[in-house]
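Take a look at the structure below.
Protein chains: 2
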Amino acid sequence: MARVWIVGSVALDTIEGPAGRAEKVLGGSATYASCAAGLFARAGIIAAVGDDFPAGALAVLGERGADLSGLKRLPGKTFTWAGRYAPEFRTRETTHLDLGVFGSFRPVLPGPLPAGDILFLGNIDHDIQLGVLDQAGKDAFVAADTIDHWIRSKRDALVTGLARTKLFFLNDEEARLLTGEENLARAGEAIRRMGPDSVVVKKGEHGSLLFTGSGICAMPALPLRGVVDPTGAGDSFAGAMLGSMAGQGSTGPDAMRLGMARGTVVASFTVEAFGVERLRKLSPVDVEARLARFRELVRF
Amino acid sequence: MARVWIVGSVALDTIEGPAGRAEKVLGGSATYASCAAGLFARAGIIAAVGDDFPAGALAVLGERGADLSGLKRLPGKTFTWAGRYAPEFRTRETTHLDLGVFGSFRPVLPGPLPAGDILFLGNIDHDIQLGVLDQAGKDAFVAADTIDHWIRSKRDALVTGLARTKLFFLNDEEARLLTGEENLARAGEAIRRMGPDSVVVKKGEHGSLLFTGSGICAMPALPLRGVVDPTGAGDSFAGAMLGSMAGQGSTGPDAMRLGMARGTVVASFTVEAFGVERLRKLSPVDVEARLARFRELVRF
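Top to bottom, those sequences are chains A and B.
For the first sequence, the numbering used here gives the first residue as 111, with consecutive numbering after it.
For the second sequence, the numbering used here gives the first residue as 111, with consecutive numbering after it.
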């Protein structure tokens, strides 16, 4: 079965918000994406942690059989991040950030990836994403993510990478920032003209849009009564979508649509607990049951 | 076939925005709702205009066979409104408002409505809505709309009316204002506890949510590349939804879901031109063709 190779961060997060506080819990874009992708296909993590990284956290990363051969343990400290959510999760403030060994880490793939495998470049410095693209070979299906910080500071590298990206993820505000286009339908098409065949615009509680060569797909999010921690919702959405595509052995538009629905469902689980706690306990049966609820939600 | 009786305003609107300016065009909540409802069922308008109301505008109101016997022509001026949209339609400012003869108008229904007929109370003073409710009888299915202004100034009458309302429409910010609940899933359920069996929360470009006794339905909006005039989108959404329900002869949850999809589609047409110009030119075939596109948009 095709694999999803995930390049991103593995971190220890301290999260404060309306639902409480969690100290030094396992986090990072690669963590969320691989925990989610692993529900549907085998994941491989390309990242670095310090020699302080807890054995328990390492065990969690391997729980769904992820290939951890690309997860380097380096002398020094693991990436730590702390953030505080405002009431109703309206905004998030970063109160601490120490890249640790991740700051100088240069990801190395196991080799050119076989056709069918998916490479996911999480939101890391786009110059580093470019270095990974050079190793990936021409057969891998490349998906990538970004954040506003990189759009502002690494625009040239981002644009260079986009030309070699098949599926690009970003949120609504990032799509507006990247294109200067307020209208999301026009912004999505503008990003497709920059290279990617397909673009996913994530709108948080308002759902998501998928732009492909064969049309647009729009999905609401699941209405959630109680959110505990929205950290990692976007990464687990992308991981689940790509895992679903790898599991189906297809990167076509219908596989993307189903993947986006599964991503929506998995993200709705992610936010129910701090860190990856809810994700860890999920089974594929849980996901398919909520997917059936999602189908009922959007039925008319 | 069941009818949709619409109590609301018929006005002459002057609209300025990014796409230009339109002077004294036919508008008002009853106008948009009846033009939309008339695509699917016979509408009846209960409203008042002044003796300055143009014959051409009257003809437009009757184009889909609407019953205009409840549209009173009174000595004085027709309701005039002017508004200016900010770039990208982010906000709207009212620059002129003169209720004219509508200010002292007290709507009178033709009599108690037969079972199956739908009464739609557009966003007018909730004290006046209450006066109409007293006339409607117990058999009519009552739907009502509001705006933030009435939630602030006529809360008691609004709450009294809600207990007798079957389907209530409001937008996301109004739902938060009415309930003090930021989370929309909780706000929708809180409004249902105030009386209405069903609640539609309109989220503009982000789609809509329907809360019923048999569960929630969520729909995205159609991604629109070019908006000319968003005035009346919400009223035509409600009118189309109720017209669809009357046309189907059902106020059950499945008829509401299909109605909401048709409302979404009709609203997407409404905003393509100033006033009701696009609505006027629509045929049921146009609506069903775009409904098929909408089904493809949300398919997974």
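Glycine included, C-beta positions come from ideal geometry on N, C-alpha and C.
Predicted, not measured: the structure shown is a model, and the values here were computed from it.
Residue pairing by DSSP puts Ile156 of chain A in a beta bridge opposite A:Val117. CA-to-CA, the gap between Gly148 of chain A and Glu291 of chain B works out to about 36 Å. Among the CB atoms of chain A, one or more fall inside 8 Å of the CB of Met370 of chain B.
Under the DSSP assignment, Met351 of chain A falls outside any beta strand (DSSP E), being part of the alpha helix (DSSP H) whose first and last residues are Ala343 to Gln358. Interface flag for Leu319 of chain B against chain A is set, since a Cβ pair is found closer than 8 Å. Interface annotation, Asn281 of chain B: not in contact with chain A, CB-CB separation never under 8 Å. Rounded to the nearest whole angstrom, the C-alpha separation of Met366 of chain A and Leu231 of chain A is 17 Å. The beta strand (DSSP E) runs of length 3 or more contained entirely in the region 200–278 of chain B are, from start to end of the chain, 202–208, 228–231 and 251–255.
Residue A:Gly186 holds the alpha-carbon nearest to the alpha-carbon of Ser214 of chain A among A:Ala192, A:Arg194, A:Thr205 and A:Gly186. Per DSSP, the unbroken beta strand (DSSP E) holding Ser308 of chain A starts and ends at Ser308 to Lys312. Using beta-carbon distances, Phe410 of chain B counts as an interface residue toward chain A, with a partner under 8 Å.
Rounded to the nearest whole angstrom, the CA to CA distance from Gly172 of chain B to Phe379 of chain B is 20 Å.
Residues of the region 320–334 of chain A with a C-beta less than 8 Å from any C-beta of chain B: Gly325, Ile326, Cys327, Ala328, Met329, Pro330, Ala331, Leu332, Pro333 and Leu334, listed in chain order. The Cβ atoms of Gly118 of chain A and Ala151 of chain A do not sit closer than 8 Å to each other.
For the pair of segments examined, the region 373–390 of chain A was found to touch the region 121–136 of chain A: the number of CB pairs separated by less than 8 Å reaches three. Here the C-alpha atom of Val408 of chain A lies approximately 10 Å from the C-alpha atom of Leu320 of chain B.
Identification of residues in the region 286–298 of chain A having a C-beta nearer than 8 Å to some C-beta of chain B yields Glu292, Asn293, Leu294, Ala295, Arg296 and Gly298, given in sequence order. When C-alpha distances from Ile326 of chain B are compared across A:Lys391, A:Arg405 and A:Ile116, the shortest belongs to A:Arg405.
For Gly317 of chain B, there is no enclosing beta strand (DSSP E), since its DSSP letter is neither H nor E.
Pairwise C-beta distances place the region 337–350 of chain A in contact with the region 190–199 of chain A, as three or more of them are shorter than 8 Å. For Thr289 of chain B, the uninterrupted alpha helix (DSSP H) run begins and ends at Asp282 to Thr289, by DSSP.
Secondary structure within the region 133–186 of chain B: the beta strand (DSSP E) runs of 3 or more consecutive residues, fully enclosed, are 152–160 and 181–184 (chain order). When DSSP states are grouped into helix, strand and coil, Glu126 of chain B belongs to the strand group. Contact with chain B is absent for Leu352 of chain A, since none of that chain's Cβ atoms lies less than 8 Å from the residue's Cβ.
Cα atoms of Pro394 of chain B and Leu287 of chain A: separation of roughly 39 Å, rounded to the nearest angstrom.
In this structure, DSSP gives Gly193 of chain B an extended state, which the three-state scheme calls strand. Along the region 300–315 of chain A, going in chain order, the ones with a CB nearer than 9 Å to a CB of chain B are Lys313 and Glu315. With a cutoff of 8 Å on beta-carbon distance, Asn233 of chain A and Asp208 of chain A are scored as not near each other.
In this structure Met111 of chain B is exposed. Its beta-carbon is surrounded by fewer than 16 other beta-carbon atoms within 10 angstroms. The three-state secondary structure of Ala402 of chain A, taken from DSSP, is helix. Three or more Cβ pairs closer than 8 Å define a contact, and the region 302–310 of chain A falls short of that threshold against the region 151–171 of chain A. Rounded to whole angstroms, the separation of the alpha carbons of Met370 of chain B and Arg216 of chain A is 51 Å. Annotation for Pro363 of chain A: Thr322 and Ser324 place their beta carbon closer than 7 Å to its own, counting only its chain and skipping 5 residues before and after. Following the DSSP letters along the chain, one finds Ala328 of chain B inside the beta strand (DSSP E) bounded by residues Gly325 to Met329. For Leu407 of chain A, the C-beta contacts it makes with chain B under 7 Å involve Ile326, Cys327 and Ala328, in order along the chain.
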